[in-house]
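Using the numbering used here, the first residue of the sequence shown is number 6, and each one after it goes up by one.
Positions of the beta carbon are idealized from the N, C-alpha and C atoms, including for glycine.
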Amino acid sequence: MAERGIDQKEEKKSYGSVFVLGAALLAALSVWAIWDDNITRRPWKGIQAQFHRLDYSKAKAAYDEEDKKLKADAKYQELSKKLADEHASVQGGELAKKLKALHAEEVRATVRFQEIDQEVKFIKSEEEEAGYEFDHAVQQKRNIKPYQERLDELAKERTKLLPSLDAARAKREQVKEEIKKVHGGVKALEDEIGKIAGERDKWLRVMENVTLKLGPLAFYKIPKIQQVAMDEFDRNKFDQPVARVDRCQTCHLAINRAGFENEPHPFKTHPKRELYLGDASHPPEKFGCTGCHEGQGVAVNSAKQGHGEVHLWEFPLLRGTKVQSSCSSCHLDVQKFAADVPLLAEGQRLFEQVGCTGCHLVKGYENIPKIAPSLKKIGAKVDAGWMARWIENPFKFRPRTRMPHFDLKADDSLAISAYIWSQAKGESEKWLQENPMPAGYREGDPNDIAKGKKLVETIGCKGCHGFAEGEFSTPLGKEKDLVPNLKDIAAKVTGPQWIYHWIKNPRGYQHDTTMPSLRLTDDEALAITNYLMTLGGRPEPVAGIQEKLADAKNIKRGESLVRRWGCAGCHDIKGMENESRIGAELTTFGSKTVEELSFGNRTDVKKTWDDWTYHKIKSPRGYATDRVEQLMPLFNLADEDIKALRVLLGGFRDRKVGQRYQADQGLRVQQVNEGRRLMQQYNCIGCHEIEKQGGYVKKYYGENVSSAPPPLNGQGEKVQSQWFYNFLKVPITLRPWLDIRMPTFGFSDQHTTQLVNYFNGLSKVEQPYHYVDDGRIRPETIDAAKQLVSKDYFNCWSCHVQGGKNPDGPKEGWAPDLAMSRQRLSPSWILKWLKDPQKVQPGTKMPSFYPGGPDNILGGKEDLQIEALRDYLMSLGRGAAAAPAAAVAAPVVAAARPKPAPAAAAKQ
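1) Count the C-beta pairs between the stretch 625-634 and the stretch 334-342 that are closer than 8 angstroms, then say yes if the count reaches three, no if not.
2) Taking the alpha carbon of Lys-553 as the reference point, which residue from Ala-423, Lys-14 and Gln-231 has its own alpha carbon closest?
3) Out of His-57, Phe-594 and Phe-118, point me to the one whose CA is closest to His-257's CA.
4) Take the Cβ of Val-806 as the centre, count every other Cβ of all protein chains shown within 10 Å, and call the residue buried at 16 or more, exposed below.
5) If you draw a straight line from the alpha carbon of Tyr-763 to that of Asp-338, how long is it in whole angstroms?
6) Where Gly-27 and Pro-269 are concerned, what is the direct C-alpha to C-alpha distance, given to the nearest angstrom?
7) At which residues does the beta strand (DSSP E) containing Pro-246 begin and terminate?
8) Return the CA-CA distance between Ala-54 and Ile-227, expressed in angstroms with no decimal places.
9) Going by other Cβ atoms of all chains shown within 10 Å of its Cβ, with 16 needed for buried, is Ala-172 buried or exposed?
10) With a CB to CB cut of under 7 angstroms and the five nearest residues on each side skipped, what residues in its chain are close to Val-724?
11) Using 8 angstroms for Cβ pairs, my map puts Val-761 next to Phe-729. What's the rounded Cβ distance?
12) Using the beta-carbon count (16 or more within 10 Å), is Asn-559 buried or exposed?
13) Could you pull the DSSP bridge partners for Lys-485 from this structure?
14) Just checking my contact of Glu-785 with Leu-836 at CB under 8 angstroms: how many whole Å lie between their CB atoms?
15) Quick check on the burial criterion: 16 or more other C-beta atoms within 10 angstroms. Buried or exposed for Gly-858?
16) According to DSSP, what are the bridge partners of Ser-522?
17) Would you kindly report the start and end of the unbroken alpha helix (DSSP H) that includes Phe-127?
18) Here's the rule: buried if 16 or more other CB atoms are within 10 angstroms of the residue's CB, otherwise exposed. What is Ala-77?
19) Would you mind stating whether Arg-174 and Phe-118 have Cβ atoms separated by less than 8 angstroms?
20) Less than 8 angstroms separating the beta-carbons of Thr-479 and Asn-688?
21) Considering only C-alpha positions, which residue in the set Cys-804, Leu-348 and Lys-375 is nearest to Gly-814?
22) With a Cβ-Cβ cutoff of 8 angstroms, do Leu-526 and Tyr-446 count as a contact?
23) Can you tell me where the alpha helix (DSSP H) holding Lys-621 begins and where it ends?
24) Does DSSP put Phe-56 in a helix, a strand or coil?
25) Is the stretch 399-406 close to the stretch 596-603, with three or more CB pairs under 8 angstroms?
26) Exposed or buried, what is Val-1 when buried is set at 16 or more other beta-carbons lying within 10 Å of its beta-carbon?
27) Could you tell me whether the Cβ atoms of Pro-409 and Leu-639 are closer together than 8 angstroms?
28) What's the gap between the Cα of Val-662 and the Cα of Gly-588?
29) What's the call for Lys-381, buried or exposed, on a 16-neighbour Cβ count within 10 Å?
30) Counting Cβ pairs closer than 8 angstroms, one from the stretch 497-509 and one from the stretch 429-448, do we hit at least three?
31) Does the beta-carbon of Ala-202 have 16 or more other beta-carbons within 10 angstroms, so that it is buried, or is it exposed?
32) Run the CB neighbour count on Gly-655, radius 10 Å, all protein chains shown included, and call it buried at 16 or more, exposed below.
33) Tell me the DSSP bridge mates of Asp-239?
34) Three-state secondary structure (DSSP) at Tyr-225?
35) Could you tell me if Ala-891 is buried or exposed, where buried requires 16 or more neighbouring beta carbons within 10 angstroms of its beta carbon?
36) I need the DSSP call for Arg-902, collapsed to helix, strand or coil.
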């Protein structure tokens, strides 16, 4: 066999440099791999390390500042010196000698106690054994006498030792107390110093919390992921509860800590931290962050991933005001937090009152009533030519109207007018025949016009309507009127006949109108009609308009146009009572991805949900193409209103939050929500301040606000539900000296009950019924109260009406009739009111008599005096009717049974 050749030179060649290079490369790659795995791919570690340095430096600076103050504090220095002297004495002075002797004595006392205690324990052991033998003898029916004697003997021995044991224990405790007293000086000084140095020591604990000590070495804490697991927060596609994992606080370590408000992100404290992250709201350890802010909570590899700002992630971070849209996922009553989520609250109000629900179905908004007037008798109301011009461009006549602009051509608006006119012809003619103009109308009479103008300005019309350019009561958004401005009313109506009967009896024309009756006399109605007919001139005549409206082709074409544009979504139109909404359902619109939105041919709009939605509302037909038609009309909303609507729409998500995370959505919250919608629908806040909002009519009263309608904050707690129900049904005069009137709205039983429940819900009234037990009102109590209300003391009748007797002085200082208290006021509210009127109603003219009541009535006991006044007020209306209208049905506010109270009335 041939021998394999061996190259000796090759064998002797050195590869050391290659191995060294390979080893170096391996080491470098290992270092890089470790670095990449722990640092590059985990940027949160660097963020945490940076925060720990920041936290330590802030705490160190605060510590040094406090320490500097303490060094200049004479009291602290004096106490520190005393403490040092006390320590020195305890360690090497007279106290040290005393402590040494006491400790030796403590040892002896402890040994003595343990010796006796051990003897007692031995005896107890023998007793256990003897007891067993005794029980065994009983079971075997043997003679138990010797066993009983043994038990008695042991018991005597134990009893004999007990006094010695107690004495030894007492001696030991005595010595311990003496030792404690010796150390007590040190402890007392340390406690006093601790109170003074508490702020400094707090910062010391903060520094210790972010550092670790290893012998003499100290270094910052090792970064670690901060995770919150929210069990059953979400539901999957199979409607099964699933957990959500949230790691946002891995980087946002100071989100729930005070003191970092001015730091940059991610080290910044959450705005309004106590409000949003408090234990009573959304503690991060329970709710995490993504429940409100969205994002990709589990991702920590980068801020972009953690914020969910990556392709196809459906829930990117909600920044700024957009986070308000999340509130509606858990909170049914968002209006309750209007001050904290203004865009969401205003967006909801706009959505309900601008007319969005007329075209779009949304869960929770299905039963919003139509916002526009009925057109079933429109021929009796408006001029035919005006109607065609109005439909063509409503903004031209009334720029702040809620009616949208459909961008119709003149012939289209004429055709729509023709159809609506034809459908309303019969009922319009019938109404005109049944409601003729009274003979006493004198058009243009200057006295009537002046009288009508004064009535309009005083009886309450301005609580809803404006009568001049830029004049309005309740605003709707930035550029809309909730109620029409009447500055050009004469330019649209057929004539004074409709105005007269409309203001006299609104429901005689439209049975479900929100326009109330002010209970006008014929003369008042005629005067107001005369005044209104001076506003705006007469309608411009249109040649041949009646023939065009009667044209069959126009009527037929108009019918298809009315259906196409969805007019019946806002208006009642004869023959179209069962029309469905023409717009897309928006229940889950906020969950739509960009890929589901059509931008048409527009290239100027960013491809985001926010931008698409903004421009859709701003220019509804901006995404139309030659092939894709857009029907949504122009509402001409201000930018602020569009953004508010966008926030609301962002909350319309395909999302079910776990029940345990949702806010209270019980019966009371539902009643408040329903009642508030009704209150806004009827514009109660035009006159009254409710939930600290509204009362807009007050601006016409200047400084004389006492002549304006009263605020209704706390109304549910103030008045009795039965009385309030009947008052809403049939208002009575409470303040006859006022010119402004509480209108008659003609509420149904259901609506009246909803309003009563709304105010009760706001006040959290548990027991809406009240029972006055006259038998428990003592005569001496009434006598004391009569003294209190007399001129010698509180002089109540100088302001309050007393039955049919008015007080002296100007009407501006008058107050309601106290004879109605029994039927009207809640007894428990009277107590609160008398104790502190300003707390109950800030700014009230009612003086506060307590504290400071007279000392010579009921022994000067103010609580008894207040209760006496309450009992007296409850006795004033004794025997009177329980309600303003006895025939009116009772409210269905609760199924509770009234209970007698220990004094005059049931407590709530």
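So, from the data block:
1) Contact between the stretch 625-634 and the stretch 334-342 is absent: fewer than three C-beta pairs spanning the two stretches fall below 8 angstroms.
2) Out of Ala-423, Lys-14 and Gln-231, Ala-423 has the C-alpha closest to the C-alpha of Lys-553.
3) Comparing Cα-Cα distances from His-257 to each of His-57, Phe-594 and Phe-118, the minimum goes to His-57.
4) Residue environment for Val-806: buried (at least 16 other C-beta atoms within 10 angstroms of its C-beta).
5) Note on geometry: alpha-carbon atoms of Tyr-763 and Asp-338 lie some 12 angstroms from one another.
6) Rounded to the nearest whole angstrom, the CA to CA distance from Gly-27 to Pro-269 is 45 angstroms.
7) Looking at the DSSP string, the run of the beta strand (DSSP E) that includes Pro-246 is 246-251.
8) Rounded to whole angstroms, the separation of the alpha carbons of Ile-227 and Ala-54 is 8 angstroms.
9) Exposed is the call here.
10) Taking C-beta separations shorter than 7 angstroms and ignoring five residues to either side along the sequence, the partners of Val-724 in its chain run Arg-829, Leu-830 and Ser-831, following chain order.
11) Contact holds; Cβ gap of about 6 angstroms.
12) Under this definition Asn-559 is a buried residue.
13) For Lys-485, which the question treats as bridged, DSSP gives the partners Leu-481.
14) Not confirmed; about 19 angstroms, so no contact.
15) Taking all protein chains in view, the Cβ of Gly-858 is crowded by 16 or more other Cβ atoms within 10 Å, so the residue is classified as buried.
16) Note: Ser-522 is bridge-paired with Thr-749 in the DSSP secondary-structure output.
17) Run containing Phe-127: 99-144, per the alpha helix (DSSP H) assignment.
18) Looking at its Cβ environment, which holds fewer than 16 other Cβ atoms inside 10 Å, Ala-77 is exposed.
19) Closer than 8 angstroms, so yes.
20) It is a contact, given that the beta carbons lie within the stated cut-off.
21) Nearest in C-alpha terms to Gly-814, of all of Cys-804, Leu-348 and Lys-375, is Cys-804.
22) The residue you asked about is not Leu; residue 526 is Thr in the sequence shown. Cβ distance not < 8 angstroms, so Thr-526 and Tyr-446 don't count as in contact.
23) In the DSSP assignment, Lys-621 falls within the alpha helix (DSSP H) that extends over 614-623.
24) Three-state DSSP puts Phe-56 in a helix.
25) Put simply, the stretch 399-406 does not touch the stretch 596-603. Fewer than three CB pairs are less than 8 angstroms apart.
26) This structure leaves residue 1 out entirely; the chain is present only between 6 and 913.
27) Cβ atoms of Pro-409 and Leu-639: closer than 8 angstroms.
28) Each residue's alpha carbon lies about 27 angstroms from the other.
29) Under this definition Lys-381 is a buried residue.
30) By the Cβ test, the stretch 497-509 is in contact with the stretch 429-448, since at least three Cβ pairs between them sit closer than 8 angstroms.
31) Buried, because 16 or more other Cβ atoms sit within 10 Å of the Cβ of Ala-202.
32) Result: buried.
33) For Asp-239, the pairing in a beta bridge is given by DSSP as Val-247.
34) Three-state result, Tyr-225: strand.
35) The predicted model places Ala-891 with a pLDDT of 36, which falls under 50 and marks its position as unreliable; any figure quoted below should be read in that light. So Ala-891 ends up on the exposed side.
36) With a pLDDT of 32 at Arg-902, under the threshold of 50, the modelled position of that residue is not reliable, and no figure is offered here.
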